[in-house]
Each structure stands twice: as structure tokens, then as C-alpha cells.
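*Asks:*
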Amino acid sequence: MKKKRKKAPSVLIADDSAFEVDQIKIMFEKMGFEVSWTYTGADAIKQARRNPPDLILLDVVLPDITGHDVCRLLRASPETMNIPLIMITVRDKTEDLVLGFEQGANDYITKPFDARELKARVNACLRMKQLQDDLTQKNEEYKILLKNVQELAMTDPVTGLFNRRYFREVLQQEFSRAQRYGTLFSCFMIDVDHFKPINDTYGHESGDRVLSEVARLLQVQLRDVDLIARYGGDEFAVLLPESAREKSRQIAERIREAAYSQIHSFLPKRHSVTLSIGISGLPDPGLQHPSQVIATADFALYRAKRNGKNRVDIATFQEMGSQPSPEEEEKLDQLH
1 MKKKRKKAPS VLIADDSAFE VDQIKIMFEK MGFEVSWTYT GADAIKQARR NPPDLILLDV
61 VLPDITGHDV CRLLRASPET MNIPLIMITV RDKTEDLVLG FEQGANDYIT KPFDARELKA
121 RVNACLRMKQ LQDDLTQKNE EYKILLKNVQ ELAMTDPVTG LFNRRYFREV LQQEFSRAQR
181 YGTLFSCFMI DVDHFKPIND TYGHESGDRV LSEVARLLQV QLRDVDLIAR YGGDEFAVLL
241 PESAREKSRQ IAERIREAAY SQIHSFLPKR HSVTLSIGIS GLPDPGLQHP SQVIATADFA
301 LYRAKRNGKN RVDIATFQEM GSQPSPEEEE KLDQLH
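Numbering (the UniProt record's numbering), first residue to last: 1 to 336.
1) In the structure shown, what three-state DSSP assignment does residue 338 receive?
2) Given that a residue counts as buried once 16 or more other Cβ atoms are within 10 Å of its Cβ, and exposed if not, what is F19?
3) Expressed to the nearest angstrom, what Euclidean distance is found between the alpha-carbon atoms of V158 and Q103?
4) In the DSSP assignment, find the alpha helix (DSSP H) that holds M31 and state where it starts and stops.
5) Just how far apart, CA to CA, sit R230 and V210?
6) Applying the 10 Å Cβ sphere with the 16-neighbour rule, what's the burial state of G232?
7) Kindly list the residues whose CB is nearer than 6 angstroms to the CB of K196, restricted to its own chain and excluding five residues on each side of it in sequence; keep chain order.
8) Helix, strand or coil for V122, going by three-state DSSP, please let me know.
9) What number of angstroms, rounded off, separates the C-alpha of A44 from the C-alpha of P52?
10) Between the Cα of R223 and those of D208, N139 and S248, spot the shortest distance and give me the residue it belongs to.
11) Can you find at least 3 beta carbon pairs, one from the segment 86-97 and one from the segment 109-122, that sit closer than 8 angstroms?
12) Give a yes or no on whether the C-beta atoms belonging to C187 and T316 are separated by under 9 angstroms.
13) Measure how close the beta-carbons of L287 and D191 come, nearest whole angstrom, since I'm counting them as under 8 angstroms.
14) Taking only the alpha-carbon atoms, compute the straight-line gap between K7 and D96 and give it to the nearest angstrom.
15) Looking at R245: is its Cβ nearer than 9 angstroms to the Cβ of S276?
16) Under a three-way DSSP split, which group does N163 fall into?
17) Can you tell me which of R168, G203, N199 and I24 puts its alpha carbon nearest to the alpha carbon of Q292?
18) Report, in whole angstroms, the separation of the C-beta atoms of residue 338 and V214, which I expect to be a contact under 8 angstroms.
19) Measuring CB to CB, does K46 end up less than 9 angstroms from W37?
20) What is the C-beta distance between A237 and M189, in whole angstroms, given that I count them as a contact (C-beta under 8 angstroms)?
21) Keeping to the same chain, check which residues put their C-beta closer than 6 angstroms to that of F175; ignore five residues upstream and five downstream.
22) E235 bridges to which residues according to DSSP?
23) DSSP state of G67, grouped into three classes?
24) With burial defined as no fewer than 16 other Cβ atoms inside 10 Å of the residue's Cβ, what is the status of T201: buried or exposed?
25) Could you give the residue range of the alpha helix (DSSP H) that holds Y39?
26) Using a Cβ-Cβ cutoff of less than 6 angstroms, which residues in the same chain neighbour I65 once the five nearest sequence positions on both sides are dropped?
27) Return helix, strand or coil for G207, following the three-state DSSP convention.
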């Protein structure tokens, strides 16, 4: 298999002297460059934007606009702002050099110049550009890696939903917003009924498929602004911004009915899966902390499970009274 031929670097020369252009062109061709040239500043800008070269050699004195103005305009354009640019000048006053660097030149070379000096300055510019490109690429790779790590840190690998940690963070933000601006929200805690027998009878792979299908069902039934998370095990949590607690019951009932009518064909006997749903949210004067929102929704879920499963229940913080006893918690775990 033939190796892919490496593309030759390209240079654009802008100089008002045809003789100078010919001399510089020969030097660059000997260095292996593809050479294009122009005698005016306006055309240099046009060529550089249309087909950006790897390097620009720019005379300070041009017939239409100065090389300094060309440099400034090239640096202002996204297509040409990072192209290495060496200015050619017969002037060697400090003021001229400073002006060029201020406009964005990478280097200066004074006429007449030696081919070896030109080659050294060109190579230095190209090395610096390569280092900048490598750094930019590494930064982009780092950003992608960081994004992937952040996504892994807040998503559940089985369902692709957000995880418990991320749900709690967003709930904290939503609760703070509600306290500050008086907005409403609802919280669902959703449990898959009889999930343990599915795992025990048909295996964990079938259990994971059930969880994934429930996750897809929730995504279909809920709005884009609603936050859905796998809270743990066979339990899901949903946060519904701008949705009052009582009104959200209709949404929960729709989810429950959709789950009841969904057939999981990969399970024997065309097994259907039911959901129990507990609801809490605002307005509820008893809720003073995000953890109380979850505890109240969990209490409503416990009641739905205790009263026969495949049900929706709604609760306020005041209704909770005392927290369930250890014995009741054990019974709740068995119901799950």
C-alpha cells in the first residue's frame, strides 16, 4: 500500500515588485512550498480568505493599502486570524517594527535578505503555528473528554436517564427558585411493581430491559422540560417544573395507564408491568427543604404500594405525620 503523499506547505507572497516576487518565489519553491502571489493588498486579503495559505509574506509598502492595514484586516477575519505572517520591509526603525507587531505580524525580515535567514524565520513561524495547532487540538480533546466524564457522572448506564445525584442537584435548584419567585413544581417517585420476581425469574438482563422500556415510556409521556432520573434499583424520580401538585395527578395517571397497557414481548406470557406513583410538590407550606419533597413523594408511593399497587397517590408533608417505623420500612422494602 502506497503511503499518502504529504501535502506541500503553501505561501502567499504580497509585494509590489515583480522582480522581488520572482526572487522570493524561487526561494520558497526550493524550500518545497506551493507559491501564490499578488502585487496588491486588497488581492492579498481576497486570496487569503478564499484559500488560506500556511504562511503569508507581506511587504509593508503596497500600491493600494499598506501592509500594516492588510495585516490588521487579516487578523480581524476568522478565516485568516491565525495564519503566520512575516512582514518584509526596507525600513528598520523601531517605530515601524512595533507598528507591525501591534497589527499582528509574527516576524519581520528586512530587505535585502539572505535565503538562509528567510528559511530560518519561516521555519520558526511554522513551528510556532504547529505548536498552537497542537495545543488547540489538545484543548478540544480535553473539552470532549471532560464533557464525556461529566455525562458519565450524571447519567445511569442502564437507562441512559439522569442519575440520583444529578436529580438531587436540580431539585435543590428548583426548590430555591420556588422559594425566591413563588413558582410551582411537582415531584413523582415511581416504582416498578413486582420487579424483584422479574429479576429472579427471568434474569437481570430482562430486568434491565424492563427498566429501559419504562424509561422510554416516561420520556414519551413527559415534556422536554421535565427531569427524569433513575433514582435507584427499580425506582424512578421525575421533577415537573411549573406543574402544581394536584394537577400533575392527571399526568401520573396517564403514565400509569400507559405502563399497564404496554406489553413486554421479551418476557414469557406477554408479561405487562405496572407502576405505583407517589406525588409531592408545591404549593405545600410544610415543605421547607428539598429532602422533604422526596420524603413526601416516597410516603405517597408507600401508600400506593400498601393499597394494592398500580396506583397513584398524592401526599402533603403534613399528612406524613411521623416517619414510617422500621417495621413499616421493612414491609415497604418487601412490597418493592
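Cβ atoms here follow ideal geometry from the backbone N, Cα and C, with glycine treated the same way.
*Replies:* In terms of the structure at hand:
1) Absent from the model: residue 338. The displayed extent of the chain is 1 to 336, so no value can be given.
2) For the purposes of this step, residue 19 is taken as the residue at position 19 of the sequence shown. Exposed, since its Cβ has fewer than 16 Cβ neighbours within 10 Å.
3) By 1-based counting over the sequence shown, the position of residue 158 is 158. By 1-based counting over the sequence shown, the position of residue 103 is 103. The C-alpha of V158 lies about 55 angstroms from the C-alpha of Q103.
4) On the sequence shown, position 31 is the one that residue 31 refers to. In the DSSP annotation of this structure, M31 is not part of any alpha helix (DSSP H), being labelled neither H nor E.
5) For the purposes of this step, residue 230 is taken as residue 230 along the sequence shown, with counting starting at 1. For the purposes of this step, residue 210 is taken as residue 210 along the sequence shown, with counting starting at 1. Their Cα atoms are separated by approximately 13 angstroms.
6) Against the sequence shown, residue 232 aligns to sequence position 232. The residue is exposed, with fewer than 16 neighbouring Cβ atoms inside 10 Å.
7) On the sequence shown, position 196 is the one that residue 196 refers to. Cβ neighbours of K196 beyond the five flanking positions: none.
8) One-based indexing of the sequence shown puts residue 122 at position 122. Note: V122 maps to helix in three-state DSSP.
9) Against the sequence shown, residue 44 aligns to sequence position 44. Against the sequence shown, residue 52 aligns to sequence position 52. If you take the alpha carbons of A44 and P52, they lie about 10 angstroms apart.
10) Along the sequence shown, one-based indexing puts residue 223 at 223. Ranked by Cα distance from R223, the first of D208, N139 and S248 is S248.
11) Segments in contact, yes.
12) Residue numbering aside, residue 187 sits at position 187 when the sequence shown is read from its first letter. Residue numbering aside, residue 316 sits at position 316 when the sequence shown is read from its first letter. For C187 and T316, no; Cβs fall outside 9 angstroms.
13) Position 287 of the sequence shown, counted from the start, is the residue given in the question as residue 287. Position 191 of the sequence shown, counted from the start, is the residue given in the question as residue 191. Their Cβ separation, rounded to whole angstroms, is 21 angstroms, which puts L287 and D191 out of contact at 8 angstroms.
14) Along the sequence shown, one-based indexing puts residue 7 at 7. Along the sequence shown, one-based indexing puts residue 96 at 96. For K7 and D96, the distance between alpha carbons rounds to 35 angstroms.
15) What you label residue 245 is simply residue 245 of the sequence shown in a count that begins at 1. What you label residue 276 is simply residue 276 of the sequence shown in a count that begins at 1. It is not a contact, given that the beta carbons lie outside the stated cut-off.
16) What you label residue 163 is simply residue 163 of the sequence shown in a count that begins at 1. In this structure, N163 counts as strand in the three-state DSSP scheme.
17) On the sequence shown, residue 292 is found 292 positions in, with the first residue counted as 1. It is R168 whose Cα lies nearest to the Cα of Q292.
18) The structure shown does not extend to residue 338, since the chain is modelled only from 1 through 336, so no value can be given for it.
19) Indexing the sequence shown from 1 puts residue 46 at position 46. Indexing the sequence shown from 1 puts residue 37 at position 37. Not closer than 9 angstroms, so no.
20) Sequence index remark: in the sequence shown, residue 237 carries index 237 (1-based). Sequence index remark: in the sequence shown, residue 189 carries index 189 (1-based). About 6 angstroms separates the beta carbons of A237 and M189, which is inside the 8 angstroms limit, making them a contact pair.
21) Working through the sequence shown from its first residue, we reach residue 175 at position 175. Taken in chain order, the residues that qualify are P290.
22) For the purposes of this step, residue 235 is taken as the residue at position 235 of the sequence shown. E235 is bridged to D191 and G232.
23) Taking the sequence shown and counting its residues from 1, one reaches residue 67 at position 67. Here G67 carries a helix assignment [DSSP, helix/strand/coil].
24) Numbered from its first residue, the sequence shown carries residue 201 at position 201. Counting Cβ neighbours within 10 Å, T201 comes out exposed, since fewer than 16 surround it.
25) In the sequence shown, counting from the first residue as 1, residue 39 sits at position 39. Y39 -> no alpha helix (DSSP H), and no H or E assigned at all.
26) To locate residue 65, count along the sequence shown from 1; it is residue 65. The answer, listed in chain order, is G41.
27) Along the sequence shown, read from residue 1 onward, the residue named residue 207 stands at position 207. G207 carries a helical assignment under DSSP once its states are collapsed to helix, strand and coil.
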